[in-house]
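S.K.:
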Amino acid sequence: MLTRRKLAVSTAAFALAAGFTGAAYAQQKTVVEFWHGLPQPLGGQLEQVVKGFNDSQDKVQVNPTFKGSYPETMQAAIAAFRAGNAPHVVQMFEVGTATMLSAGPAIKPVHQLMSETGSGLDAAAYIPAVRGYYSSKDGKMMALPFNSSTTITFYNKDAFQKAGLDPNKPPATWPEVADAARKLKAAGVTCPMTFSWPTWTQFEQVGALHDKPFASEANGFGGLNATLKINDPFFVKHLQTLIDLQKEGALRYGGRDNAADSLFPSGECAMIQASSGLRGRIVKEAKFNWGAAPLPYWPDAISSPKNSIIGGASFWVMTSPKRTADEYKAVAAFFSYLARPEVDAKWHMDTGYVPVTLQGFELAKKEGFYEKNPGAEVPAEQLTRTATTENTMGLRLGNLPEIRNIIQEEMEKAFQGQQTAQQALDNAVKRGDTVLRNFERANKT
Amino acid sequence: MQRRVIFDNKALPYLLLAPQVAVTLIFFIWPAAQALWQSVHLQDAFGLRSQFVGLENFEAVLSDPNYLETVKTTIIFSVSVTVLSLGSALGLAVLADSKIRAASAYKTLLIWPYALAPAVAAVLWMFIFNPDIGILGRALNNLGYAWDYRLNDGQALTMVILAASWKQVSYNFIFFLAGLQAIPRSVLEAASIDGAGAVRRFWTITFPLLSPTTFFLLVVDVVYAFFETFGTIHALTHGGPGKATETLIFRVYQDGVVNHDLGGSSAQSVILMVIVIALTAIQFRFVERKVHYS
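For the record, the sequence lines run as chains G and D.
Under this note's numbering, the first residue of the first sequence carries the number 14, and numbering increases by one thereafter.
Under this note's numbering, the first residue of the second sequence carries the number 2, and numbering increases by one thereafter.
1) How about G:D363 and G:Q53: are their beta carbons less than 9 Å apart?
2) Please tell me whether D:G145 has its Cβ less than 9 Å away from any Cβ of chain G.
3) Name the chain G residues whose beta carbon is nearer than 7 Å to that of D:K244?
4) DSSP on D:G196, reduced to helix/strand/coil?
5) Can you list, in chain order, the residues of its chain whose CB lies under 7 Å from that of G:S333, leaving out five sequence neighbours each side?
6) Are the C-beta atoms of G:L241 and some chain D residue less than 9 Å apart?
7) Out of G:M87, G:V73, G:Q41, G:T43, which has the shortest C-alpha to C-alpha gap to G:H49?
8) State yes or no: is the C-beta of G:N456 within less than 9 Å of the C-beta of D:D45?
9) Which word fits G:F94, buried or exposed, when buried means at least 16 other C-beta atoms lie within 10 angstroms of its C-beta?
10) When Cβ atoms are compared, which residues of the segment 218–251 of chain D fall closer than 7 Å to chain G?
11) Assuming G:E107 is part of the beta strand (DSSP E), what are its boundary residues?
12) Going by DSSP, what residue range makes up the beta strand (DSSP E) through G:P205?
13) Any idea if G:M154 is buried or exposed, counting beta-carbon neighbours within 10 angstroms, 16 or more meaning buried?
14) In angstroms, rounded to a whole number, what distance separates the CA positions of G:I323 and D:A122?
15) Whose C-beta lies closer than 8 Å to the C-beta of D:F78 among residues of the same chain, with five residues either side of it excluded?
16) To the nearest angstrom, report how far apart G:A358 and D:V275 are at their CA atoms.
17) Report the residue from G:G220, G:S349, G:I256 whose alpha carbon sits nearest the alpha carbon of G:Q432.
18) Please confirm whether D:L125 and D:L137 have their CB atoms less than 9 Å apart.
19) Have a look at the DSSP bridge pairing and note the partners of G:Q435.
20) For the alpha helix (DSSP H) containing G:V73, list its first residue and its last residue.
21) For D:Y146, is the classification buried or exposed, using 16 other Cβ atoms within 10 angstroms of its Cβ as the cut-off for buried?
22) Less than 9 Å between the beta carbons of G:A287 and G:A273, yes or no?
23) Run through DSSP, which three-state label would G:T212 get?
24) Would you decide whether G:A39 is buried or exposed? Buried here means 16 or more other CB atoms lie within 10 Å of its CB.
25) Are G:A346 and G:S132 close, meaning C-beta to C-beta below 9 Å?
26) Hey, which unbroken runs of the alpha helix (DSSP H) at 4 residues or more fall wholly within the segment 185–262 of chain D?
27) Under 8 Å, with one C-beta from each stretch per pair, do the segment 236–245 of chain D and the segment 62–71 of chain G reach the 3-pair mark?
28) Which bits of chain D does G:E261 rub up against, with CB to CB less than 7 Å?
29) Identify the contact partners of D:G48 in chain G, using a Cβ-Cβ distance below 7 Å as the criterion.
30) Could you tell me whether the Cβ atoms of G:F167 and G:A306 are closer together than 9 Å?
31) Return yes when the Cβ of G:G365 is within less than 9 Å of the Cβ of G:G293, no when it is not.
32) DSSP beta-bridge partners for G:M284?
33) Considering only residues of the same chain and omitting the five flanking positions on each side of D:D154, which have a CB-CB separation below 7 Å?
34) Could you check how far apart the C-beta atoms of D:S40 and D:V277 are, in whole angstroms? I think they sit under 8 Å.
35) Hey, could you find the ends of the beta strand (DSSP E) G:M331 is sitting in?
36) Identify which residue in G:F159, G:Q125, G:L114, G:K182 has its Cα closest to the Cα of G:G388.
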């Protein structure tokens with residue numbers, strides 16, 4: 014099913030791109046190839062944004078092409094680069110950031126592109142938690158932030174009511190979450206809570222919220238020699254809590270990556286910690302009253318939680334032997350358009366991704382979006398509620414997708430009772446560090 | 002008597018061979034050579050820096066306890082898939098070959114699954130076995146049996162074995178059916194007249210006469226289980242839970258495509274190539290001896 018849909022989408026994208034190319038040829042515009050990894054309906058919405066840019070001027074034609082999931086898009090871009098045919102712009106998921114950064118001559122940092130073409134890009138216009146993720150150590154923007162999300166809690170108000178919980182007071186701390194999950198179970202809810210993106214939601218975010226490092230060297234920002242820190246007693250206790258809840262039947266492990274997403278809109282699970290980008294789907298599919306809340310925290314570890322980190326993707330400029338100055342200028346024009354607050358705000362309101370610029374956030378507020386859509390402000394507020402520390406800037410770890418997988422695998426073994434929480438995280442650290450060392454070796458200049 | 006084709010033109014035979022040679026060179030020798038080269042190098046994802054590391058990639062792979070675990074999983078998986086798909090296809094072929102009503106309808110239905118792409122087949126299985134949306138998965142849970150292949154090694158492995166075998170039954174079925182139809186009726190009838198029952202006829206006549214087909218399918222099925230079940234596993238379990246359903250080929254993909262570890266992935270490809278060459282050689286040397294070709 015997935016494959017068929019992807020095929021249909023890519024065929025459509027191809028047809029679209031072919032149409033655009035034809036139009037461009039007639040008018041001699043500078044053509045910019047843009048590869049993205051957003052399936053429908055988000056992919057279509059992204060292509061609308063691109064169309065908005067194409068219609069706004071007559072010098073540049075951006076051709077969007079859907080290249081499959083994020084990892085597939087990354088693979089395609091790398092293969093194309095190796096063949097000397099890289100697209101001008103590629104959308105890359107946040108965990109690919111370190112890999113792209115160490116790509117050296119394969120990419121052109123955004124700050125460099127903007128200054129070379131005289132376009133200017135105000136880094137301070139971006140939300141710090143967003144900007145930090147995509148900036149070099151000295152604060153220069155390396156990629157253009159676009160679709161960013163963060164993790165929040167969605168909960169089923171009807172189920173809360175049924176279990177005698179206050180539907181307007183979602184649990185704010187982990188002890189409260191555990192308590193609510195047990196009450197929901199007692200009230201006959203088969204799946205009181207779940208979470209998608211296991212590593213992102215239960216380790217990366219939990220670390221940021223409590224100002225605990227996920228890895229040394231400021232989560233990898235300080236250098237390639239970072240090592241994982243998640244076998245710290247704090248994370249062990251957190252995983253143990255999840256395992257205990259799962260054993261009691263108060264929590265369900267919904268599978269890897271975003272496999273658990275469907276459990277909430279279907280009404281199966283009463284609480285989910287998931288990407289804020291899930292909102293659009295919940296609005297469309299959920300047949301019950303629901304609410305959105307910030308992620309819970311451990312009050313014994315921190316009195317008030319820090320900002321969460323982002324997920325999602327950013328746009329990278331790729332190089333190619335054939336690239337001309339005009340083409341870079343065209344890319345810069347495209348990026349300047351995307352950075353406009355009104356473009357940012359519209360994308361945020363249409364999709365459930367967070368606004369990436371502070372002005373975009375203000376604009377959405379001004380338009381009354383949050384009054385009309387209660388809970389939609391939760392992700393951006395959670396992202397901006399504190400100043401970022403070195404533990405809440407994001408992660409800068411090589412081959413992070415592989416590390417995420419390793420942690421998922423070790424979690425799955427622990428959930429089955431094959432190993433303790435401590436063993437799981439010790440193994441994850443050991444295996445993850447091997448990955449980091451290999452990356453360090455392969456990318457040493 | 003010897004028949005030789007004489008070409009007047011010396012270049013013509015080479016010309017006629019050229020397409021096949023080109024295909025072999027481009028689609029087999031070249032990638033295989035690249036894999037060999039990659040397997041002794043350490044390279045970043047973009048291919049900007051590479052260094053010769055000798056056999057380090059092999060050492061890393063072979064000393065990784067997870068890799069050895071994957072080898073074990075692959076053996077269990079491949080043997081199960083081969084036995085299951087060969088056995089059930091043979092049984093079905095024998096049944097479909099007998100005089101029954103609507104035999105051709107059964108045959109068509111049995112051949113159908115072969116037309117499905119592995120990923121599509123896997124999605125069908127998901128709609129049956131997924132604990133949340135699958136028909137059977139939900140039913141099992143409602144009956145009080147804790148079915149969740151996302152968190153149960155045994156259940157996950159059973160499911161991918163079933164799905165992968167089911168996919169291959171059709172292929173085996175076609176060949177077995179053709180093989181059965183090639184067995185002379187007169188031999189079977191003679192045995193009947195001599196008083197041999199159905200079971201005895203099967204084991205003493207049908208099965209030995211089918212052995213070339215069985216042998217061929219054995220080779221094909223082992224290669225299938227090793228290399229072509231990727232789509233099924235990818236769509237159903239992604240190798241999980243833990244690494245319970247990760248086979249060698251799945252790991253090659255995972256390390257090479259997802260994790261950008263081209264050196265390690267290539268080293269695994271080379272190991273896999275050696276394993277399959279060895280397996281095929283063993284099969285031809287030892288199993289083939291027991292095969293009656295005529």
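For every residue, glycine included, the Cβ atom is placed at its ideal position computed from N, Cα and C.
Bear in mind the structure is a predicted one, so any value in this text is a computation, not a measurement.
M.R.: In terms of the structure at hand:
1) Cβ distance not < 9 Å, so G:D363 and G:Q53 don't count as in contact.
2) Not closer than 9 Å to any Cβ of chain G, the Cβ of D:G145 fails to qualify, so no.
3) E422, listed in chain order.
4) Coil.
5) Within the same chain, Cβ atoms closer than 7 Å to the Cβ of G:S333 are found at G97, N98, A99, the five residues on either side in sequence being excluded.
6) For G:L241, the answer is no, since every Cβ of chain D falls outside 9 Å of its Cβ.
7) Ranking G:M87, G:V73, G:Q41, G:T43 by Cα distance to G:H49 puts G:M87 first.
8) For G:N456 and D:D45, yes; Cβs fall inside 9 Å.
9) Under this definition G:F94 is a buried residue.
10) Per Cβ criterion, the list reads H239, G241, P242, G243, K244.
11) In the DSSP assignment, G:E107 falls outside any beta strand (DSSP E) and carries neither an H nor an E.
12) Under the DSSP assignment, G:P205 falls in the beta strand (DSSP E) whose first and last residues are 204–208.
13) Burial call: buried.
14) A direct Cα-to-Cα measurement between G:I323 and D:A122 gives close to 36 Å.
15) Hits under 8 Å: L158, V161, I162, A165, A226, T230, T246, T248.
16) CA-to-CA, the gap between G:A358 and D:V275 works out to about 56 Å.
17) It is G:I256 whose Cα lies nearest to the Cα of G:Q432.
18) No, they are not a contact pair.
19) According to the DSSP secondary-structure assignment, G:Q435 is paired through a beta bridge with no residue.
20) G:V73: not part of any alpha helix (DSSP H); member of the beta strand (DSSP E) spanning 73–79, first to last residue.
21) D:Y146 comes out exposed.
22) Yes, they are a contact pair.
23) G:T212 falls in the helix class under three-state DSSP.
24) Reliability fails at G:A39, whose pLDDT of 49 lies under 50, so the model's placement of it is uncertain and the value that follows must be treated cautiously. Exposed, since its Cβ has fewer than 16 Cβ neighbours within 10 Å.
25) Going by beta carbons, G:A346 and G:S132 fall inside the 9 Å limit.
26) Segments of the alpha helix (DSSP H) lying fully in the segment 185–262 of chain D: 186–194, 199–202, 208–224, 231–237, 249–254.
27) Touching, no.
28) Within chain D, no residue has its beta carbon less than 7 Å from that of G:E261; the closest one is some 14 Å off.
29) What D:G48 touches in chain G: R95.
30) The answer is yes: Cβ separation under 9 Å.
31) In this structure, G:G293 places its C-beta atom within 9 Å of the C-beta atom of G:G365.
32) Bridge partners of G:M284: G:Y168, G:M206.
33) P242, G243, A245.
34) At roughly 16 Å, the Cβ-Cβ gap does not stay under 8 Å, so D:S40 and D:V277 are not in contact.
35) Looking at the DSSP string, the run of the beta strand (DSSP E) that includes G:M331 is 323–331.
36) Answer by Cα proximity: G:K182.
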